[in-house]
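Engineer: Structure below; questions to follow.
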Amino acid sequence: MIKRPQRRGRNFFGMISGAPQMEELFGLLERVARADVSVLVRGETGTGKELVARAIHELSPRKGRAFRAVNCASFNSELLASELFGHVRGAFTGAVKDRRGLFALADGGSVFLDELAEIPLEVQARLLRVLQEQRFVPVGGTDAVKVDVRLISATNKALRREVEQGRFREDLMYRVRVVPIFLPPLVERHGDIELLVWHFIEEFNAREGMPRRIEGLSEEAFEALQSYGWPGNVRELRNVIEYAFVVGEGEVLAYEDLPPELRGEGPVDSREVERNGGESGRSERQEIVAALRAAGGSREDAAAALGVSRTTLWRRMKEYGIED
């Protein structure tokens, strides 16, 4: 059984890490926060872009003032314009009274726009005016409203490519990315997978109503967690640990407690089962044997060729009685 290591890392405004590149990022955020400029955060889903935005706000002279956040992909064009800039009564169907938008509500503070690349072009023109003039006109209104806000935005898309394809204004791109910040994916943060696994175990151990308390991990579970690609990054890792708390039993987080994708298990293809006389394992065994032969017996190379972790390959070799 693998127990919690002594290394605990650093908690920087909710971002838990001990990786050198994250320490560099934390230092950069402290410097960037001092200058009242627009910041664009780039990173994969689940890397913590809103945590970065909140850290910049809390480290800035605007600390203590409003911080407003919105996911731009959650609204259509009309509703997003209303969400950001507000509207006057009668501006559209359902607008039964005046409503203040995020920029008015965040006056003196910061606005965080997540999924920036999803903003429709007509709303982009309104946003550009806010950045250029620090003023806007509510939807359906005639009088401009002056505001003092700092814009922090985030996207997992390359804005230059969006500009080339006509989906994003070039002039707006330069306004929102005065300082671009890049968040590394979890798999590139050396040592952080183990550190975060234990961080989330402690979090759920302390939560009331959880069905178990975890004190250690099996070696097979630990290997699976370490070798997984984590496309959903930190958010996915947290969800996986919560899943394990719910479906497993006992004080040891076992391999069987992990979701199917971490065990290299996908849905069974009924057509494949039928082609193999109802025995789905027959073709899989042959594939494993062939991959091992092609890799000269190297489990690591065979696992890579099969698209599974070494732990998954080892387990399936045991199931099918395959020897090295």
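Quick note on the UniProt record's numbering: the sequence shown kicks off at 1 and runs consecutively.
Virtual Cβ for every residue (Gly too), placed ideally from N, Cα, C.
Determine, using beta-carbon pairs with one atom in the region 161-181 and one in the region 123-132, whether at least three such pairs fall under 8 Å.
Structural biologist: Verdict: yes, contact present.
Engineer: Thinking C-beta only, is Ser-38 closer than 7 Å to Ser-145?
Structural biologist: On the sequence shown, position 145 is the one that residue 145 refers to. On the sequence shown, position 38 is the one that residue 38 refers to. Looking at the sequence itself, residue 145 is Val, so the reference to Ser does not match. Not in contact: Val-145 and Ser-38 (Cβ atoms no closer than 7 Å).
Engineer: Who are Ser-227's beta bridge partners in DSSP?
Structural biologist: Mapped onto the sequence shown, residue 227 falls at position 227. The partner list for Ser-227 (beta bridge, DSSP) is empty, contrary to what the question assumes.
Engineer: So, helix, strand or coil for Met-210, using DSSP?
Structural biologist: Residue mapping note: residue 210 aligns to position 210 of the sequence shown, counting from 1. The three-state secondary structure of Met-210, taken from DSSP, is coil.
Engineer: In the DSSP output, what is Arg-10 paired with across the bridge?
Structural biologist: Locating residue 10 in the sequence shown gives position 10, counting from the first residue. Ser-17, per the DSSP bridge assignment.
Engineer: If you follow the alpha helix (DSSP H) that Ala-305 is in, where does it begin and where does it stop?
Structural biologist: Taking the sequence shown and counting its residues from 1, the one referred to as residue 305 is at position 305. From DSSP, the alpha helix (DSSP H) with Ala-305 extends over 299-306.
Engineer: With which residues is His-87 paired in a DSSP beta bridge?
Structural biologist: Numbered from its first residue, the sequence shown carries residue 87 at position 87. BP columns for His-87 point to Arg-99, Val-139.
Engineer: Using C-beta distances below 6 Å, list every residue in its chain close to Asp-114, excluding the 5 sequence neighbours before and after it, in chain order.
Structural biologist: On the sequence shown, residue 114 is found 114 positions in, with the first residue counted as 1. Within the same chain, Asp-114 has close Cβ partners Asn-71, Ala-154.
Engineer: Suppose you measure from the CA of Val-130 to the CA of Val-163; what does that come to, to the nearest Å?
Structural biologist: In the sequence shown, counting from the first residue as 1, residue 130 sits at position 130. In the sequence shown, counting from the first residue as 1, residue 163 sits at position 163. Going from the Cα of Val-130 to the Cα of Val-163 covers about 20 Å.
Engineer: Let me know the secondary structure DSSP gives Arg-42 once reduced to three states.
Structural biologist: Position 42 of the sequence shown holds residue 42. In this structure, Arg-42 counts as strand in the three-state DSSP scheme.
Engineer: I need the straight-line Cα distance from Val-273 to Glu-323, nearest angstrom please.
Structural biologist: One-based indexing of the sequence shown puts residue 273 at position 273. One-based indexing of the sequence shown puts residue 323 at position 323. Reliability fails at Val-273, whose pLDDT of 43 lies under 50, so the model's placement of it is uncertain and the value that follows must be treated cautiously. The straight-line gap from Cα to Cα measures roughly 24 Å.
Engineer: Helix, strand or coil for Asp-114, going by three-state DSSP, please let me know.
Structural biologist: What you label residue 114 is simply residue 114 of the sequence shown in a count that begins at 1. Three-state result, Asp-114: strand.
Engineer: Can you have a look at Gly-277 and say buried or exposed, based on whether 16 or more other CB atoms are within 10 angstroms of its CB?
Structural biologist: Indexing the sequence shown from 1 puts residue 277 at position 277. Low confidence applies here, because Gly-277 scores a pLDDT of 47, under 50, leaving its location unreliable; read the following figure in that light. Exposed, because fewer than 16 other Cβ atoms sit within 10 Å of the Cβ of Gly-277.
Engineer: Please report the residue range of the beta strand (DSSP E) in which Thr-155 lies.
Structural biologist: Stepping through the sequence shown from its first residue, residue 155 is reached at position 155. Per DSSP, Thr-155 belongs to the beta strand (DSSP E) from 150-155.
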